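Residue numbers (the numbering used here): 314 to 595.
Positions of the beta carbon are idealized from the N, C-alpha and C atoms, including for glycine.
Quick caveat, the model's predicted, so the values are computed rather than measured.
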Amino acid sequence: MTDPRNALHIDHLTMQFGGVVAVDDLTMDINEGEIVALIGPNGAGKTTAFNAVTGVYPPTNGEISFHGEPIVRARPAGKMKKLYQGDRSRIFTGPVLRPTPDRITGLGIARTFQNIRLFAGLTVLENVLLAQHLRRHSGFISAALHLNGEEERDRKARALELLDIAGLAGVRDEMAVSLPYGRQRLLEIIRALATGPSLLLLDEPAAGMNPQETLELARFIQKLRRDFALTVFVIEHHMDLVMNISDRVYVIEFGRLISQGTPAQVQADPAVIRAYLGGEDE
Ligand SMILES: Nc1ncnc2c1ncn2[C@@H]1O[C@H](COP(=O)(O)OP(=O)(O)O)[C@@H](O)[C@H]1O
Ligand SMILES: [Mg+2]
């Protein structure tokens, strides 16, 4: 039973690395058009959850659905049968689903990375051109950069339009990694957009940004949601950005859900305050 408005459903997701439980029985929902944040102290399992959604790691247990369609399904197998520390090893009985990251991109789910991953040897524009290509054809990187005639002009025009949205059209021919840090983060978002997603996952997009840049980023994310009819799933360590833009917030600590609700509800939750105060001592 799925609501068509339910863009992403994460169902009892567990991700263990050996005996280490990074994500522990996490269930969450993101409706179409929402901006939903996943927050929690360092090491809480946020990036690992993204990695499970995007096909980077096959989870230990759980199911992930995109618009009601299961895209990831796992249950403890092999050595994990012994190591699995949960008690839901038998609830997902359908065929195991282990999509590659390319396949996830093809479905319309795009992401950015906590540690920026731009293509170092390519210009700003080439980074976007390559991403456009990845949506349709996985592989064949050289083909993406050597199109001919009309197709090349079309692609370039669309890439420049996207760059323009982020104020990056003027630096199209500079090497991507030579941009200041804040602009590299914007370029990563544009590159993700170039794959034509309906769901955009942002992993700590404000990391390394100053307060002014963070404020601009908040407006930028809201503008993208509107203009591209996006659903946004954002990981953030900084409460201010999250509280500013999120419709709803999920909070995890040690892989486990400790709170969820509107930004105001979550901010007032003693469990959240404890988790954050505890984390700051380290
Ligand atoms: N590939 C991996 N192998 C082993 N342990 C990992 C791996 N990736 C993450 N972890 C562990 O999982 C936990 C959660 O990490 P992570 O998801 O990166 O946290 P967050 O993004 O919330 O800071 C950490 O204890 C981390 O060391
Ligand atoms: Mg992380």
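Boundaries of the beta strand (DSSP E) in which G574 is found, first to last residue: First-last of the beta strand (DSSP E) with G574: 569 to 574.
Extent of the continuous beta strand (DSSP E) to which Y563 belongs: Annotation for Y563: the continuous beta strand (DSSP E) segment containing it runs 561 to 566.
Nearest residue (CA-CA) to R504, options A320, E526, L442: L442
Exposed unless 16 or more other CB atoms sit within 10 angstroms - verdict on Y397: buried
Exposure of P510, with buried meaning 16 or more beta-carbon neighbours within 10 Å: buried
Cβ-heavy atom distance, F379 to ligand 1, below 8 Å: no
Distance CB(Y563)-CB(V369) smaller than 9 Å: no
Given I422 as reference, the closest of I377, G399, P389 once Cα atoms are compared: I377
Distance cut-off 8 Å: Q580 Cβ against heavy atoms of ligand 3: Absence of ligand 3 is noted for the structure shown, with ligand 1 and ligand 2 being the only ligands found.
E566 beta carbon near ligand 2 (any heavy atom closer than 8 Å): No, since every heavy atom of ligand 2 falls outside the 8 Å radius drawn around the Cβ of E566.
Assigned secondary structure, N598 (DSSP; H/G/I helix, E/B strand, else coil): What the structure shows of the chain is the stretch from 314 to 595, and residue 598 is not part of that stretch, so it cannot be assessed.
Assigned exposure category for G407 - 16 Cβ within 10 Å defines buried: exposed
Distance between E465 and P354 (C-alpha atoms, nearest Å): 44 Å
Helix, strand or coil at D400 according to DSSP, with G and I counted as helix: If DSSP states are grouped into helix, strand and coil, D400 belongs with coil.
Delimiting residues of the alpha helix (DSSP H) encompassing L476: Its alpha helix (DSSP H) spans residues 462 to 478.
Beta carbon proximity, E549 to chain D, threshold 9 Å: The structure shown contains no chain D; it is built from a single protein chain.
Bridge-paired residues (DSSP) for I417: BP columns for I417 are empty, so no partner.
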